[in-house]
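*Asks:* Residue numbers (numbering that gives the first Met the number 0), protein chains in the order written: chain A, 0 to 342; chain B, 0 to 342.
Dropping a structure here in structure tokens format, bear with me for questions.
2 protein chains.
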Amino acid sequence: MKKYFTLSIDLLGSETKLKDILTGLNQSLLRNLNYKFRLYGHAEEIKKIIHNFKRLSEVSEIINCESYISMDDKPSDILNKKNSSMFLAIKSVSEKSSDAVLSFGNTGALMSLSLLNIKTLKGIKRPAIASIWPNIKGESIVLDLGANTKLDPRYLIDNSILGSSLASILFKIKNPSIGLLNVGAEEYKGKDELKAASDTLKDFSKNHYLNYYGFIEGNDISMGKTNVVVTDGFTGNISLKTAEGTAKLFQSHLNDAFKSSILTKIGYFLASLAIRSVKDRLDPRVHNCGIMVGLNSLAVKCHGQSEYRGVSYAADIIYSLLENNVNDKIQHYVDDIQNKLVE
Amino acid sequence: MKKYFTLSIDLLGSETKLKDILTGLNQSLLRNLNYKFRLYGHAEEIKKIIHNFKRLSEVSEIINCESYISMDDKPSDILNKKNSSMFLAIKSVSEKSSDAVLSFGNTGALMSLSLLNIKTLKGIKRPAIASIWPNIKGESIVLDLGANTKLDPRYLIDNSILGSSLASILFKIKNPSIGLLNVGAEEYKGKDELKAASDTLKDFSKNHYLNYYGFIEGNDISMGKTNVVVTDGFTGNISLKTAEGTAKLFQSHLNDAFKSSILTKIGYFLASLAIRSVKDRLDPRVHNCGIMVGLNSLAVKCHGQSEYRGVSYAADIIYSLLENNVNDKIQHYVDDIQNKLVE
Numbered sequence: 000m001k002k003y004f005t006l007s008i009d010l011l012g013s014e015t016k017l018k019d020i021l022t023g024l025n026q027s028l029l030r031n032l033n034y035k036f037r038l039y040g041h042a043e044e045i046k047k048i049i050h051n052f053k054r055l056s057e058v059s060e061i062i063n064c065e066s067y068i069s070m071d072d073k074p075s076d077i078l079n080k081k082n083s084s085m086f087l088a089i090k091s092v093s094e095k096s097s098d099a100v101l102s103f104g105n106t107g108a109l110m111s112l113s114l115l116n117i118k119t120l121k122g123i124k125r126p127a128i129a130s131i132w133p134n135i136k137g138e139s140i141v142l143d144l145g146a147n148t149k150l151d152p153r154y155l156i157d158n159s160i161l162g163s164s165l166a167s168i169l170f171k172i173k174n175p176s177i178g179l180l181n182v183g184a185e186e187y188k189g190k191d192e193l194k195a196a197s198d199t200l201k202d203f204s205k206n207h208y209l210n211y212y213g214f215i216e217g218n219d220i221s222m223g224k225t226n227v228v229v230t231d232g233f234t235g236n237i238s239l240k241t242a243e244g245t246a247k248l249f250q251s252h253l254n255d256a257f258k259s260s261i262l263t264k265i266g267y268f269l270a271s272l273a274i275r276s277v278k279d280r281l282d283p284r285v286h287n288c289g290i291m292v293g294l295n296s297l298a299v300k301c302h303g304q305s306e307y308r309g310v311s312y313a314a315d316i317i318y319s320l321l322e323n324n325v326n327d328k329i330q331h332y333v334d335d336i337q338n339k340l341v342e
Numbered sequence: 000m001k002k003y004f005t006l007s008i009d010l011l012g013s014e015t016k017l018k019d020i021l022t023g024l025n026q027s028l029l030r031n032l033n034y035k036f037r038l039y040g041h042a043e044e045i046k047k048i049i050h051n052f053k054r055l056s057e058v059s060e061i062i063n064c065e066s067y068i069s070m071d072d073k074p075s076d077i078l079n080k081k082n083s084s085m086f087l088a089i090k091s092v093s094e095k096s097s098d099a100v101l102s103f104g105n106t107g108a109l110m111s112l113s114l115l116n117i118k119t120l121k122g123i124k125r126p127a128i129a130s131i132w133p134n135i136k137g138e139s140i141v142l143d144l145g146a147n148t149k150l151d152p153r154y155l156i157d158n159s160i161l162g163s164s165l166a167s168i169l170f171k172i173k174n175p176s177i178g179l180l181n182v183g184a185e186e187y188k189g190k191d192e193l194k195a196a197s198d199t200l201k202d203f204s205k206n207h208y209l210n211y212y213g214f215i216e217g218n219d220i221s222m223g224k225t226n227v228v229v230t231d232g233f234t235g236n237i238s239l240k241t242a243e244g245t246a247k248l249f250q251s252h253l254n255d256a257f258k259s260s261i262l263t264k265i266g267y268f269l270a271s272l273a274i275r276s277v278k279d280r281l282d283p284r285v286h287n288c289g290i291m292v293g294l295n296s297l298a299v300k301c302h303g304q305s306e307y308r309g310v311s312y313a314a315d316i317i318y319s320l321l322e323n324n325v326n327d328k329i330q331h332y333v334d335d336i337q338n339k340l341v342e
């Protein structure tokens, strides 16, 4: 087994505070002793903060970067910034100096630079962004959340394979159920591309390659109807962000409600721990980490306004995926299905 | 001005209780004195309940129906059920015996039967389902929520015109701002159909036909970035249902949290009124009413599991739209833009 796992972190180009990132990494390091980090950012600023974290200093290498990719950079700009913190962090992975890359910056840039440098697994056409979505029963894997906005049966099937692998590793279950997101559960509803993908997935399911449930609707995600929710990157992205907005709206209304009278203020005080825990459980700043699957190495994108808890949560997940050899397992899974299809 | 407004209600084919529907209508009648109702359902059962509501009995005509359209009926079945409560309720509108139709049943059926019998306004190709979505600043109009799953620039532009008319009437504002739902706010992001619609809307906006804001993202809906949110019926349906699921998840976590200890139980008791109000404000059973716009008369679809508050809320909105002559105004708006385009 590999002794250490090295994570390259792109520290620039987002609104996440450097202190939050380092605090989060330090917390994760306490739980995941065999972590090493490569920190891509402003060396002077990193040094000012990192000396507060003794163990973190010992296992981290700082790589000074002046240039970074901003949220507004266009695709053409991104490719030209060869010295940006994001580009160098990704390069360290493609050159095998590290095992995975974590960024808080421009998602499209992380996607296209990873695709170009880390490349996809054999048999996978396009990577997808997957996320762990809280639901009423626990958690599910939802993908694609924006890597690829084209609706195409082939991509939906790839996403089913990738999501199923990820769920089986992260949730430690054997045959994760897969739902295809649609405007109704009935077979005759929705777009042709979805019906075509559904037919293929039914065949796969009949032959026990995958455990396909059928079409599911938007509300089924939070109800935890299936372990994996598959959709295209356009629908998935809007769906994820709508859920984030709804959670924020709920929190804001709740805050206002509790301020409305002395009684509710006392009520809030008494119940504050419980309310805090609900907010944390659904806070996108804590939970929003997009795992880019289907690449030869892991690339993870965290919310652009992450808190230290979100950083440590993401670092924990990456560690667990590396420890479980996620890419080898996914490749094995993909090969296995493809061999079965050839037979 | 018209003296009475008659609403035809399809009482069958959903999980909403008859008692909830009649209670809701009765409540709305107290506020909207010039309402009349045509009730399509099982006459015997209606009579058993309605005698509790004196005024409601006086202004209601009961039409006995044995047949109904179920949630699982396929498009072909729907057209054949000429004696179903939904079909007869819609027919009463197309025959001018009533001004609008309200149903709690099969959305697709209500859509296709209305399209066939009530027909679209001149200049509008396909109707859309619009909903009033709560946001942090108040409310916005979101459409299409599932009438038409095809992504086409023409439909997106029609939806912008319809949504803008609806928002100006319901929210009493002059130039409602319109956002086009996309995976990013940047101009180069998203699908070609969206970019084409956006270019046309920009032209419209430059000429003051409409007030187009630009692309918005999923989280902007709940943040109230624009008065109107325009999307295709596929994305809108999944987005709406995802938001519903998230709200339910939040409520469920909150309920669990408050049960966790004696202190939180007391806290809940003290804050219960405030919490109730937040729940109500975001409860899809109260708020989920889909207004089918672009037809010659109003057709409204309520949540299949509505409560009496949801029914009275929907009846209030319908009354307000009828009183404000919504369809004449929309037609005027559409004609106006088309005349400007010809000039």
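All C-beta atoms, glycine included, are put in the ideal place defined by N, C-alpha and C.
This one's a predicted model, so the numbers in the text were calculated from it and none came from an experiment.
CB A:Leu17 to CB A:Ile48, shorter than 8 Å?
*Replies:* Their beta carbons are under 8 Å apart, which means A:Leu17 touches A:Ile48 by this criterion.
*Asks:* Give me the DSSP bridge partner(s) of A:Pro175.
*Replies:* Answer by DSSP bridge pairing: none, since A:Pro175 is not bridged.
*Asks:* Flag this pair as yes or no: are the beta carbons of A:Ile61 and A:Lys46 separated by less than 8 Å?
*Replies:* Yes, the Cβ-Cβ distance between A:Ile61 and A:Lys46 is below 8 Å.
*Asks:* The beta strand (DSSP E) with B:Val228 in it runs from where to where?
*Replies:* Where B:Val228 is concerned, the enclosing beta strand (DSSP E) stretches over Val227 to Val229.
*Asks:* Pull up the CB-CB distance for A:Val292 and A:Ala127, whole angstroms please, since I reckon it's below 8 Å.
*Replies:* Rounded, the Cβ-Cβ distance is 6 Å, consistent with contact.
*Asks:* Please classify A:Ser102 as buried or exposed, where buried requires at least 16 other C-beta atoms within 10 Å of its C-beta.
*Replies:* Flag for A:Ser102 reads buried.
*Asks:* For chain B, is any of its Cβ atoms less than 8 Å away from the one on A:Pro133?
*Replies:* Output row for A:Pro133: interface = yes.
*Asks:* Relative to the alpha-carbon of B:Leu142, which residue among B:Leu179, B:Lys136 and B:Ile135 has its alpha-carbon at the smallest distance?
*Replies:* It is B:Leu179.
*Asks:* In terms of alpha-carbon separation, which member of A:Gly223, A:Asp255 and A:Thr230 lies closest to A:Lys190?
*Replies:* Looking at the Cα atoms, A:Thr230 is the closest of the given residues.
*Asks:* Do we get a CB-CB distance below 8 Å when we pair A:Asn236 with the residues of chain B?
*Replies:* By this cut-off, A:Asn236 is an interface position.
*Asks:* Give the residues of chain B in contact with A:Leu180, contact being defined as C-beta atoms less than 7 Å apart.
*Replies:* The contacting residues are Ile237.
*Asks:* Quick one, are the C-beta atoms of B:Gln26 and B:Tyr307 less than 8 Å apart?
*Replies:* Closer than 8 Å, so yes.
*Asks:* Buried or exposed: A:Pro74, going by 16 or more other Cβ atoms within 10 Å of its Cβ?
*Replies:* Looking at its Cβ environment, which holds fewer than 16 other Cβ atoms inside 10 Å, A:Pro74 is exposed.
*Asks:* Could you tell me whether the segment 117–133 of chain B touches the segment 218–236 of chain B, where touching means 3 or more Cβ pairs closer than 8 Å?
*Replies:* Yes: the two stretches touch, three or more of their Cβ pairs being nearer than 8 Å.
*Asks:* Going along chain B, which residues have a C-beta under 8 Å from A:Gly189?
*Replies:* By Cβ distance, chain B contributes Thr148 and Phe233.
*Asks:* Which same chain residues, not among the five before or five after B:Ile135, have their C-beta less than 7 Å away from its C-beta?
*Replies:* Closer than 7 Å at the Cβ level, and outside the excluded window around B:Ile135, lie Ser221, Met222 and Gly223.
*Asks:* Please state if the CB of A:Ser163 and the CB of A:Lys328 are separated by a distance shorter than 8 Å.
*Replies:* No, Cβ-Cβ distance for A:Lys328 and A:Ser163 is not below 8 Å.
*Asks:* By the three-class DSSP mapping on this structure, what secondary structure does A:Thr119 have?
*Replies:* Three-state DSSP puts A:Thr119 in a strand.
*Asks:* Please go through the same chain and pick out, in chain order, the residues whose beta-carbon is closer than 7 Å to the beta-carbon of A:Asp198, but skip the five residues on each side of it.
*Replies:* Closer than 7 Å at Cβ, skipping near neighbours: no residue.
*Asks:* Which of helix, strand or coil does DSSP assign to A:Tyr349?
*Replies:* Chain A is shown from 0 up to 342; residue 349 of chain A falls before or after that span and cannot be answered.
*Asks:* In the segment 202–218 of chain B, which residues sit with their C-beta less than 9 Å from some C-beta in chain A, listed in chain order?
*Replies:* Here the close residues are Glu216, Gly217 and Asn218.
*Asks:* State yes or no: is the beta carbon of A:Ala242 nearer than 8 Å to at least one beta carbon in chain E?
*Replies:* Here the protein chains are A and B, and chain E is not one of them.
*Asks:* Taking CB distances under 8 Å as the criterion, tell me whether A:Ala221 reaches chain B.
*Replies:* Sequence check: residue 221 of chain A is Ser here, not Ala. At least one chain B Cβ lies under 8 Å of A:Ser221.
*Asks:* Any Cβ of chain A within less than 8 Å of the Cβ of B:Leu400?
*Replies:* Within the shown structure, residues of chain B are numbered from 0 to 342, placing residue 400 of chain B beyond reach of any answer.
*Asks:* With a 10 Å radius around its C-beta and 16 neighbouring C-beta atoms as the bar for buried, classify B:Lys53 as buried or exposed.
*Replies:* By the neighbour-count rule (16 or more Cβ atoms within 10 Å), B:Lys53 is not buried but exposed.
*Asks:* Measuring straight from C-alpha to C-alpha, what distance separates A:Val299 and B:Tyr154?
*Replies:* Each residue's Cα considered, the two are about 37 Å apart.
*Asks:* In chain order, which continuous runs of the beta strand (DSSP E) of length 3 or greater are located wholly inside the segment 119–165 of chain B?
*Replies:* The qualifying runs are 127–134 and 137–142.
*Asks:* Cβ closer than 7 Å: which chain A residues qualify as neighbours of B:Ala246?
*Replies:* In chain order: Thr245 and Phe249.
*Asks:* Helix or strand or just coil, what does DSSP make of A:Tyr208?
*Replies:* Residue state, collapsed to three classes: coil.
*Asks:* Mind listing the chain A neighbours of B:Lys300? Cutoff is C-beta to C-beta under 9 Å, in chain order.
*Replies:* What B:Lys300 touches in chain A: nothing, since even the nearest Cβ is about 14 Å away.
*Asks:* How long is the line joining the alpha carbons of B:Ala88 and B:Val100, rounded to whole angstroms?
*Replies:* Whole-angstrom Cα-Cα distance: 6 Å.
*Asks:* Just the Cα atoms here: how many angstroms apart are A:Ala166 and B:Asp219?
*Replies:* Cα to Cα, the separation comes out at about 30 Å.
*Asks:* Any idea what DSSP makes of B:Lys201, helix, strand or coil?
*Replies:* Looking at B:Lys201 - three-state DSSP - the assignment turns out to be helix.
*Asks:* When the cut-off is 8 Å and only beta carbons count, does A:Gly145 lie next to chain B?
*Replies:* At least one chain B Cβ lies under 8 Å of A:Gly145.
*Asks:* For a test of the three-state rule: what should DSSP assign to A:Ile89, helix, strand or coil?
*Replies:* Looking at A:Ile89 - three-state DSSP - the assignment turns out to be helix.
*Asks:* When the distance is taken between beta carbons, is A:Ser159 closer than 8 Å to A:Leu115?
*Replies:* It is not a contact, given that the beta carbons lie outside the stated cut-off.
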